[in-house]
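Just below is one structure, and these are the notes that go with it.
Written out as structure tokens, the structure is:
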């Protein structure tokens, strides 16, 4: 759960494409790797991260995360690069929806794909596995993790869509919202100039690199 001012900023952030926001962050260290993809390209989510570290092959911590999550949270999970188990499926999806959890980003595998898509619950995942997950080994909740090659702290804001997953540090939220607004206006200007026949090589001053 985030305070009212942060909640308002998160709502503003949700209006932007993830690629726009990613461009406003320093370098690429806040963008997850290309293999973290939505189950359906129409999926989009934005909200504060509840981080989950699962024991390889075991989804106990995801069940506990759903039980402790606040409305609007985004579950962000890592499985220590173990992908041969379906850590999430229809049952957990329904449980999460009943608690108004925004969605799941998992550097792991999921299953029950058709059911999840039909339910409309945004899931971004590394891969798919039909194999059963155990429920007996503990991990950690709400501690810093690495998912999709990116460090995620509890409360960081996750913005994800068909282009990928951006992680906005909670202490930079206002700055990034402002930068994203400016970038959108800049790109509108660029598009108008392109429609007038100008070239990106000129607009971005790239001819200086010609050989």
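Residue numbers (my numbering): 1 to 211. Beta carbons: idealized from backbone N, C-alpha and C, even for Gly. Treat the numbers as computed from the prediction; the structure is a model and nothing was measured.
query, result
"Three-way DSSP call (helix, strand, coil) for residue 141 in this model", "strand"
"Those residues which DSSP pairs with residue 47 across a bridge", "158"
"Bounding residues of the beta strand (DSSP E) (the contiguous stretch that carries residue 151)", "150-152"
"First and last residue of the uninterrupted alpha helix (DSSP H) at residue 200", "200-203"
"Whole-angstrom C-beta distance between residue 92 and residue 62, which should lie under 8 Å", "6 Å"
"Neighbourhood of residue 119 by C-beta distance below 8 Å, restricted to the same chain and skipping five residues each side", "90, 93, 94, 97"
"Given 8 Å, three or more beta-carbon pairs between the stretch 75-90 and the stretch 185-200", "no"
"Beta-ladder partner(s) of residue 129, from DSSP", "Answer by DSSP bridge pairing: none, since residue 129 is not bridged."
"Neighbour-count burial assignment, residue 132, 16 or more Cβ in a 10 Å radius", "exposed"
"Own chain, CB closer than 8 Å to residue 201, minus 5 neighbours either side, in chain order", "207"
"Residue 36 vs residue 126 beta-carbon contact at 7 Å", "yes"
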